[in-house]
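The structure appears right after this line, and notes come after that.
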Amino acid sequence: MARVKCKNKTLFRYFRKSRSKRSRKIKEFTFYRMLNQNENIAETNLKFAHAVYDALYTLGVRQLVLCPGSRNAPLLLAASVRNDFQKISVIDERSAAYFALGYSKSCNDSAAVITTSATAVTNLFPAVVEAYYTRNPFFLLTADRPRSLLNTGSNQTIDQHKIFGNYAQYYCIEKKSQIKKLLAKTQEIPIHINIPFAEPLYPETLTKHTRTSFSKKEKHVKTNISQLARKISNFLTNQSVIAIGELNWQQTNFWKQVSFPPSIPKYVSLLSNLRDHIPSDFQNEEHFLESLKQNPPDKILHIGGKFLHKNLQHYFGYIPTLQITTKPIPFHHPNKKSKQLLFYLPKYWQKKSNKTLSIFPNMPSNYTIIPYKKNVFEKEAVAVDHIVSCLQGFSIFLGNSLTVRMADFVCNQQSINQNFFMANRGASGIDGQLATALGMAFAKKEPSAILYGDVSSLHDLTSFDIFAKIKLNTPFYVFILNNGGGQIFRKFKVTQFQDAFTHYFLTKPAIHFPHLQELFSIPTYALTSDELQNKLKHIKDKKVIFIIQIDSQ
31 MARVKCKNKT LFRYFRKSRS KRSRKIKEFT FYRMLNQNEN IAETNLKFAH
81 AVYDALYTLG VRQLVLCPGS RNAPLLLAAS VRNDFQKISV IDERSAAYFA
131 LGYSKSCNDS AAVITTSATA VTNLFPAVVE AYYTRNPFFL LTADRPRSLL
181 NTGSNQTIDQ HKIFGNYAQY YCIEKKSQIK KLLAKTQEIP IHINIPFAEP
231 LYPETLTKHT RTSFSKKEKH VKTNISQLAR KISNFLTNQS VIAIGELNWQ
281 QTNFWKQVSF PPSIPKYVSL LSNLRDHIPS DFQNEEHFLE SLKQNPPDKI
331 LHIGGKFLHK NLQHYFGYIP TLQITTKPIP FHHPNKKSKQ LLFYLPKYWQ
381 KKSNKTLSIF PNMPSNYTII PYKKNVFEKE AVAVDHIVSC LQGFSIFLGN
431 SLTVRMADFV CNQQSINQNF FMANRGASGI DGQLATALGM AFAKKEPSAI
481 LYGDVSSLHD LTSFDIFAKI KLNTPFYVFI LNNGGGQIFR KFKVTQFQDA
531 FTHYFLTKPA IHFPHLQELF SIPTYALTSD ELQNKLKHIK DKKVIFIIQI
581 DSQ
């Protein structure tokens, strides 16, 4: 190695302390090179961040969810001067990821969440898992330390390489020429883009951005409606039933144009958002399951995704089933006679269409529906029914555990009034419920609400900070069903162990929910569901929290 003269006297004194002549030369060369390049590294980082954003824009990203940090400073600084994205700042990475998921599930555009390195990245995992199982992709843009710092004890440095495993499509982008790899994405799962940034991270000035031009090759898939109709006709018998599971909004718009035969019995899930359009012959999933048990059909035509009741999903394993889906989904019915038919949704149906399709045969049915005998519902179900009836035209996010099940029990064609329902039923966790609902509202730009339990609201408390800061032009109401903890566990046999049930299953929250008003400066009202309709008549605020008091004892 040629000797390099070091002009910095402080560094020169440091080099003289080195015993080895070779180590002195290596240190001298490295520090001298860094002194000359430091001012360019920060500028390069910023330009690189802009180029990544240009690629994301080409891929349909319009919403950035930005989390504070230092290693992701180039990404934050680049975003701050761009006007081609909507931007929101979120403190908690877990909430940020769920906000991005809710946004991406609700419109044609996609969202990207931007985080710093280390544990900030791991906080994205719950939303990634949920998106994977519902095939609702969004982008994860994570900053990283240079690979050379791994396993050196460097602060905030972990191995982020494929950290989400098979739950995300992974790209490590270290130079501009690699960005084009992003444009070849094909999978309907989250896309993780990991970017190692070397220091320094902060440039002297924010230079004007010159857009990098990227082009994406569109994959054109021919849709054969007549082939779909032929396969359905060949499958159905006069002892068949149709079961419509969870659908996204594009799928709902498509199936609304289809003429369903009135003779064939149909179960229509609440999360299909077709229940007000297609009369369901079964009142809810419990009714459908009981009918299948007592009078098994020859075949089941399953449209869309999963159902709420796990026993219903398992029962499909005993009956030949044809599942029609517009996206490859990561589950199948445990029956060798069951098949999955992938039907690519026509692009012109991604928006509402006036076309009407006849893809079902006009055939009689001999299937007998077992009468539904239940006429007494839990107090939570009654409360949910009252709340939904007050929210005409609202998009409603239903919390997991008890709330979404109660809504399925009571919301029928008569009580649903131009509502859109959404829930996170991929992994069915209680994480990020409010954050997802806020992402939904921000994307749809319509009056929106969330109905969820007290435990779920406490689990996602940081999302109230998003709620307090977010700018919404339409009302957003939060309904917390304050019923004293995880009441869904009363449905299991654990209640016979009273002490264990109370302390380790019910877990009644210690928070006094009306204090949310003081914490986040959001109007908060504690009332019963019977009092809600009168209260809503006098509400003028766009952001309101309602604590619905329920005595579940």
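The sequence shown finishes on residue 583 if you use the numbering used here, and the numbering steps up by one all the way, no holes.
Beta carbons are placed, not taken as given, at the ideal position from N, Cα and C, and that holds for glycine.
As the structure is a computational prediction, the values presented were derived from the model and not from experiment.
Taking three-plus beta-carbon pairs below 8 Å as touching, is the stretch 156 to 173 in contact with the stretch 110 to 121? no
How big is the Cα-Cα spacing for Leu-502 and Ile-188? Here residue 502 refers to the residue found at position 472 of the sequence shown. Here residue 188 refers to the residue found at position 158 of the sequence shown. Those two C-alpha atoms are separated by around 37 Å.
Cα-Cα separation between Ala-109 and Pro-230, rounded to whole angstroms: As a first step, residue 109 must be located in the sequence shown, where it is residue number 79. As a first step, residue 230 must be located in the sequence shown, where it is residue number 200. So the two alpha carbons sit approximately 18 Å from each other.
Taking all protein chains shown into account, decide if Gln-563 is buried (16 or more other Cβ within 10 angstroms of its Cβ) or exposed. Position 533 of the sequence shown, counting from 1, holds the residue named residue 563. Burial call: exposed.
I'd like to know if the stretch 231 to 248 and the stretch 263 to 276 are in contact, where contact means that at least 3 CB-CB pairs between them fall below 8 Å. No, the stretch 231 to 248 is not in contact with the stretch 263 to 276.
What's the C-alpha gap between Lys-570 and Val-95? Locating residue 570 in the sequence shown gives position 540, where the first residue counts as 1. Locating residue 95 in the sequence shown gives position 65, where the first residue counts as 1. Distance between the alpha carbons of Lys-570 and Val-95 is about 29 Å.
DSSP-derived helix/strand/coil call for Ile-446: Mapped onto the sequence shown, residue 446 falls at position 416. Here Ile-446 sits in coil by DSSP.
Which residue or residues does DSSP assign as beta-bridge partners of Asp-174? In the sequence shown, counting from the first residue as 1, residue 174 sits at position 144. Its beta-bridge partners are Pro-226.
Given Ser-136, which residues of its chain have a CB within under 6 Å of its CB, disregarding the five upstream and five downstream residues? Position 106 of the sequence shown holds residue 136. These residues qualify, in order along the chain: Met-470, Ala-473, Lys-474.
Can you tell which of Ser-559, Ile-349, Asn-75 has its C-alpha closest to the C-alpha of Lys-205? Your numbering for residue 205 matches position 175 in the sequence shown. That would be Asn-75, whose Cα lies nearest to the Cα of Lys-205.
For the alpha helix (DSSP H) holding Ile-144, just list the boundary residues, first then last. Looking up residue 144 in the sequence shown gives position 114. Annotation for Ile-144: no alpha helix (DSSP H) segment contains it, though the beta strand (DSSP E) segment containing it runs 140 to 145.
Alpha carbon to alpha carbon, how far is Ala-126 from Asn-283? Taking the sequence shown and counting its residues from 1, the one referred to as residue 126 is at position 96. Taking the sequence shown and counting its residues from 1, the one referred to as residue 283 is at position 253. Ala-126 and Asn-283: Cα-Cα distance of roughly 28 Å.
Any idea what DSSP makes of Phe-115, helix, strand or coil? As a working mapping, residue 115 is identified with position 85 in the sequence shown. The answer is coil: DSSP assigns Phe-115 none of H, G, I, E or B.
Using 8 Å for Cβ pairs, my map puts Phe-439 next to Asn-314. What's the rounded Cβ distance? Residue numbering aside, residue 439 sits at position 409 when the sequence shown is read from its first letter. Residue numbering aside, residue 314 sits at position 284 when the sequence shown is read from its first letter. Separation of the CB atoms of Phe-439 and Asn-314 is rounded to 5 Å, and the pair is thereby assigned contact status at 8 Å.
Rounded separation between Ala-81 and Pro-226 - CA only: Residue mapping note: residue 81 aligns to position 51 of the sequence shown, counting from 1. Residue mapping note: residue 226 aligns to position 196 of the sequence shown, counting from 1. Whole-angstrom Cα-Cα distance: 15 Å.
Quick check on this structure: which residue in Asn-513, Pro-477, Thr-466, Glu-476 has the alpha carbon closest to the alpha carbon of Leu-491? The residue given as residue 491 occupies position 461 in the sequence shown. Of Asn-513, Pro-477, Thr-466, Glu-476, the residue nearest in Cα terms is Thr-466.
Alpha-carbon to alpha-carbon, Arg-455 and Leu-266: Looking up residue 266 in the sequence shown gives position 236. Looking up residue 455 in the sequence shown gives position 425. The alpha-carbon atoms of Leu-266 and Arg-455 are separated by roughly 28 Å.
Is there contact between the stretch 142 to 150 and the stretch 85 to 101, where contact requires at least three CB pairs shorter than 8 Å? yes
Near Leu-106, which residues of its chain fall below 8 Å by C-beta distance, leaving aside the five closest residues on each side in sequence? Walking along the sequence shown from the start, residue 106 turns up at place 76. A distance below 8 Å between beta-carbons, with the five flanking residues on each side excluded, links Leu-106 to the following residues of its chain, in chain order: Leu-96, Pro-98, Gly-99, Ile-144.
DSSP beta-bridge partners for Asn-325? Position 295 of the sequence shown, counted from the start, is the residue given in the question as residue 325. The partner list for Asn-325 (beta bridge, DSSP) is empty, contrary to what the question assumes.
Cβ-Cβ separation, Ser-310 to Tyr-297 (assumed contact under 8 Å), whole Å: Locating residue 297 in the sequence shown gives position 267, where the first residue counts as 1. Locating residue 310 in the sequence shown gives position 280, where the first residue counts as 1. 6 Å between Cβ atoms; contact.
Determine contact between the stretch 537 to 549 and the stretch 478 to 490, defined as no fewer than three beta-carbon pairs at a distance below 8 Å. yes
Using DSSP's beta-bridge definition, name the partner residues of Ile-577. Taking the first residue of the sequence shown as 1, we reach residue 577 at position 547. Looking at the DSSP assignment, Ile-577 forms a beta bridge with Ile-510, Ala-556.
Among Ser-551, Lys-77, Leu-468, which one has its Cα closest to the Cα of Lys-238? Looking up residue 238 in the sequence shown gives position 208. Lys-238 has its Cα closest to that of Lys-77, out of Ser-551, Lys-77, Leu-468.
Inter-residue spacing [alpha-carbon to alpha-carbon] between Gly-462 and Leu-131: Along the sequence shown, read from residue 1 onward, the residue named residue 462 stands at position 432. Along the sequence shown, read from residue 1 onward, the residue named residue 131 stands at position 101. Rounded to whole angstroms, Gly-462 to Leu-131 spans 10 Å at the Cα level.
Just how far apart, CA to CA, sit Arg-175 and Phe-129? Residue numbering aside, residue 175 sits at position 145 when the sequence shown is read from its first letter. Residue numbering aside, residue 129 sits at position 99 when the sequence shown is read from its first letter. Distance between the alpha carbons of Arg-175 and Phe-129: 26 Å.
With DSSP as the reference, label Ala-79 as helix, strand or coil. Residue numbering aside, residue 79 sits at position 49 when the sequence shown is read from its first letter. Helix, per DSSP.
Can you have a look at Leu-557 and say buried or exposed, based on whether 16 or more other CB atoms are within 10 angstroms of its CB? In the sequence shown, the residue the question calls residue 557 occupies position 527. Exposed, because fewer than 16 other Cβ atoms sit within 10 Å of the Cβ of Leu-557.
Which whole-angstrom value describes the C-beta separation of Gln-190 and Asn-224, a residue pair presumed to lie in contact below a C-beta threshold of 8 Å? The residue you call residue 190 lines up with position 160 of the sequence shown. The residue you call residue 224 lines up with position 194 of the sequence shown. That pair is a contact at about 5 Å.
Do you know how far the Cα of Lys-286 is from the Cα of Ile-333? As a first step, residue 333 is located in the sequence shown; it is residue number 303 there, counting from the start. As a first step, residue 286 is located in the sequence shown; it is residue number 256 there, counting from the start. Answer to the nearest angstrom: the Cα atoms are 13 Å apart.
Going by CA-CA distance only, name the one from Lys-246, Asn-341, Thr-433, Ser-134 that's closest to Asn-278. Start at 1 with the first residue of the sequence shown, and residue 278 comes out as number 248. Minimum Cα distance to Asn-278 is reached at Ser-134.
Of the choices Ala-228, Phe-155, Leu-421, Ala-214, whose alpha-carbon is the least far from that of Ser-178? Taking the sequence shown and counting its residues from 1, the one referred to as residue 178 is at position 148. The residue with the shortest Cα to Cα distance from Ser-178 is Ala-228.
Mind checking who Gly-483 pairs with in its DSSP beta bridge? Along the sequence shown, one-based indexing puts residue 483 at 453. Looking at the DSSP assignment, Gly-483 forms a beta bridge with Leu-511.
Secondary structure of Ala-32, DSSP reduced to three states: What you label residue 32 is simply residue 2 of the sequence shown in a count that begins at 1. Note on Ala-32: pLDDT 44, under 50, position unreliable in the model; no value is reported.
Do you know how far the Cα of Thr-355 is from the Cα of Gln-370? Position 340 of the sequence shown, counted from the first residue, corresponds to residue 370. Position 325 of the sequence shown, counted from the first residue, corresponds to residue 355. Distance between the alpha carbons of Gln-370 and Thr-355: 7 Å.
Ignoring anything shorter than 3 residues, give me the beta strand (DSSP E) runs that lie fully in the stretch 526 to 571, in order along the chain. 554 to 557
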